[in-house]
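Residue numbers (the working numbering): 29 to 386.
All C-beta atoms, glycine included, are put in the ideal place defined by N, C-alpha and C.
Shown next, in the form of structure tokens:
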């Protein structure tokens, strides 16, 4: 039976979103299904007039967009207070009815899955999720679209900072995104052969960092690179900022400057400088693995829709593409960095200071 699918991207943007959209369009077109691209996340459905466009192989997939970062459709990451769940659910239900959608494909993180899943409760509409985030903290799945490209961007930054650090006898602190999970920091620090990597999951001391810098200096090297995740706390266990956005999420930032000040006040053998990569981490040409995930995830999402599966998210597990229910995704919660993972063990074996591991 012919289906009419709506696809939307939600949350922070990342590289690979357009490849996901392209994959869903192509796989659905093979079955003769219609695909509507919903603009600006759920806003395109809940607000009136509804904002969307028909997507076909010719007007979307046959274009440069699948090779570009960002979201062709626009994403919803306002950080503002929404109306009640009941009110938003009613608007969403009316939008689904107006657009005559049989199914919705949500490309987002665990928060987006939970929100849209709640909107769709009681509605005669299928919902399939596709995970994306540069933080790689979406539950159950091993990889989310966008993570590997962000790692590449951060690793390139480590390489570039090494050259300027070497020129000026400096230790440079690079602050990356990741919120409360240290995946992005650990992967890019290991790939870039950094000297120190600090993540939210492992406590550290300023003296521990200084001891590593002393060891670097004693080895005859006149430079060092320190990679830190935005979500780490001060040595006393406090976040640098108590700010929250309008939906109650913590707003991080400033940890690299704190570390610069603390290290400089106790140790002067290196000039300490800091830099925050910011939103450039969300950009960059999607690397091969993110495109691979995007196309495999998109094809799997359409397959699940054809089988009648509902309220499931596509996942990558042990080299295979499977799916897990939204209930299991929400129950699992944010996936933090495994402090006993091979990445952490490798960093320790190479002499990187990663905190006070037990």
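Going by Cα to Cα distance, which pick from 286, 61, 90, 42 is closest to residue 128?
What you label residue 128 is simply residue 100 of the chain shown in a count that begins at 1. Comparing C-alpha distances from residue 128 to each of 286, 61, 90, 42 shows the shortest one belongs to 61.
With DSSP collapsed to three states, give me the class of residue 198.
The count along the chain shown starts at 1 and reaches residue 198 at position 170. If DSSP states are grouped into helix, strand and coil, residue 198 belongs with the strands.
Give a yes or no on contact between the stretch 237-244 and the stretch 177-194, applying the rule of three or more CB pairs nearer than 8 Å.
They do not touch, by the three-pair rule.
Please say whether residue 181 and residue 52 have beta carbons closer to each other than 8 Å?
Within the chain shown, residue 52 is the residue found at index 24, counting from 1. Within the chain shown, residue 181 is the residue found at index 153, counting from 1. In terms of Cβ geometry, residue 52 and residue 181 do not form a close pair [threshold 8 Å].
Coarse secondary structure for residue 124, derived from DSSP in three states:
Residue 124 sits at position 96 when you count from the first residue of the chain shown. Correct three-state label for residue 124: helix.
Cα separation between residue 339 and residue 203?
Position 311 of the chain shown, counted from the start, is the residue given in the question as residue 339. Position 175 of the chain shown, counted from the start, is the residue given in the question as residue 203. Approximately 36 Å, taken between the alpha carbons.
Taking its Cβ as the centre, do 16 or more other Cβ atoms sit within 10 Å of residue 319, making it buried, or is it exposed?
By 1-based counting over the chain shown, the position of residue 319 is 291. Under this definition residue 319 is a buried residue.
Going by beta carbon distance, what residues of the same chain come within less than 7 Å of residue 102, once the five residues before and after it are set aside?
Position 74 of the chain shown, counted from the start, is the residue given in the question as residue 102. If we look at residue 102 and ignore the five residues flanking it on each side, its Cβ neighbours are 67, 68.
Could you tell me how far apart the beta carbons of residue 65 and residue 49 are, in whole angstroms, since I believe they sit closer than 8 Å?
As a first step, residue 65 is located in the chain shown; it is residue number 37 there, counting from the start. As a first step, residue 49 is located in the chain shown; it is residue number 21 there, counting from the start. Contact check for residue 65 and residue 49: beta-carbon distance about 7 Å, within the 8 Å limit, so the pair qualifies.
Which full runs of the beta strand (DSSP E) of 3+ residues lie inside the stretch 183-261, going along the chain?
Within the stretch 183-261, the complete beta strand (DSSP E) runs of at least 3 residues are 198-204, 224-226, 252-257.
Collapsed DSSP secondary structure at residue 81 in the structure displayed
For this step, residue 81 is matched to residue 53 along the chain shown. Residue state, collapsed to three classes: strand.
State yes or no: is the C-beta of residue 392 within less than 8 Å of the C-beta of residue 330?
There is no way to answer for residue 392, as the model of the chain reaches only from 29 to 386.
Specify the secondary structure class of residue 303 as computed by DSSP and reduced to three states.
Taking the chain shown and counting its residues from 1, the one referred to as residue 303 is at position 275. Strand at residue 303.
Quick one: grab the DSSP three-state call for residue 344.
Start at 1 with the first residue of the chain shown, and residue 344 comes out as number 316. Correct three-state label for residue 344: strand.
Taking the alpha carbon of residue 306 as the reference point, which residue from 212, 79, 233 has its own alpha carbon closest?
Looking up residue 306 in the chain shown gives position 278. Of 212, 79, 233, the residue nearest in Cα terms is 212.
Report the three-state DSSP secondary structure of residue 359 (helix, strand or coil).
Residue numbering aside, residue 359 sits at position 331 when the chain shown is read from its first letter. Of the three classes helix, strand and coil, the one that applies to residue 359 here is helix, per DSSP.
Please tell me whether residue 95 has its Cβ less than 8 Å away from any Cβ of chain B.
The chain labelled as chain B is not found in the depicted structure, where only one protein chain is given.
Please tell me whether residue 209 and residue 362 are closer than 8 Å, where the distance is taken between their beta carbons.
The sequence position of residue 209 within the chain shown is 181, counting from 1. The sequence position of residue 362 within the chain shown is 334, counting from 1. Yes, the pair counts as a contact, with Cβ atoms nearer than the cut-off.
Anticipated Cβ contact below 8 Å, residue 280 with residue 207, distance rounded:
In the chain shown, counting from the first residue as 1, residue 280 sits at position 252. In the chain shown, counting from the first residue as 1, residue 207 sits at position 179. Beta-carbon to beta-carbon, residue 280 and residue 207 are separated by about 7 Å, close enough to satisfy the 8 Å threshold.
For residue 121 and residue 344, the rounded distance between their alpha carbons
Along the chain shown, one-based indexing puts residue 344 at 316. Along the chain shown, one-based indexing puts residue 121 at 93. Between residue 344 and residue 121, the C-alpha separation is close to 30 Å.
Exposed or buried, which one is residue 157 when buried takes at least 16 other CB atoms within 10 Å?
Here the question's residue 157 lines up with position 129 in the chain shown. Sixteen is the threshold: when 16 or more other Cβ atoms of the shown chains lie within 10 Å of the Cβ of residue 157, as they do, the residue is buried.
Identify every residue that forms a DSSP beta bridge with residue 62.
Position 34 of the chain shown, counting from 1, holds the residue named residue 62. DSSP output for residue 62 lists 32 as bridge partner(s).
For residue 332, tell me which candidate among 386, 383, 154 has the shortest Cα-Cα distance.
Locating residue 332 in the chain shown gives position 304, counting from the first residue. The residue with the shortest Cα to Cα distance from residue 332 is 154.
Quick one: measure Cβ to Cβ for residue 253 and residue 291, integer angstroms, because I've assumed they're closer than 8 Å.
One-based indexing of the chain shown puts residue 253 at position 225. One-based indexing of the chain shown puts residue 291 at position 263. Contact doesn't hold; Cβ gap of about 13 Å is too wide.
Between residue 47 and residue 323, which are expected to be in contact by the criterion C-beta below 8 Å, what is the C-beta distance as a whole number of angstroms?
For the purposes of this step, residue 47 is taken as residue 19 along the chain shown, with counting starting at 1. For the purposes of this step, residue 323 is taken as residue 295 along the chain shown, with counting starting at 1. About 6 Å; that satisfies the 8 Å criterion.
So who's on the other strand from residue 158, going by DSSP bridges?
Numbered from 1 along the chain shown, position 130 holds the residue referred to as residue 158. Residue 158 has 135 as its beta-bridge partners, per DSSP.
Between the C-alpha atoms of residue 82 and residue 165, what's the straight-line distance to the nearest angstrom?
Start at 1 with the first residue of the chain shown, and residue 82 comes out as number 54. Start at 1 with the first residue of the chain shown, and residue 165 comes out as number 137. Annotation: residue 82 to residue 165 spans about 32 Å, alpha carbon to alpha carbon.
By the three-class DSSP mapping on this structure, what secondary structure does residue 349 have?
Here the question's residue 349 lines up with position 321 in the chain shown. Correct three-state label for residue 349: strand.
With a Cβ-Cβ cutoff of 8 Å, do residue 124 and residue 151 count as a contact?
The residue labelled residue 124 in the question sits at position 96 within the chain shown. The residue labelled residue 151 in the question sits at position 123 within the chain shown. Yes, they are a contact pair.
Assign residue 310 to one of two classes, buried (16 or more other C-beta atoms within 10 Å of its C-beta) or exposed (fewer than that).
Counting from one through the chain shown, the residue named residue 310 turns up at place 282. Under this definition residue 310 is a buried residue.
Taking DSSP as the reference, what is the three-state secondary structure of residue 43?
By 1-based counting over the chain shown, the position of residue 43 is 15. Here residue 43 carries a coil assignment [DSSP, helix/strand/coil].
Proximity winner among 93, 139, 170, 57, relative to residue 365 (alpha-carbon distances)
The residue you call residue 365 lines up with position 337 of the chain shown. Nearest C-alpha to residue 365: 170.
According to DSSP, which residues form a beta bridge with residue 272?
Start at 1 with the first residue of the chain shown, and residue 272 comes out as number 244. Answer by DSSP bridge pairing, in chain order: 278.
Tell me the DSSP secondary structure of residue 323 in three-state form.
The residue labelled residue 323 in the question sits at position 295 within the chain shown. The DSSP-derived three-state label of residue 323 is helix.
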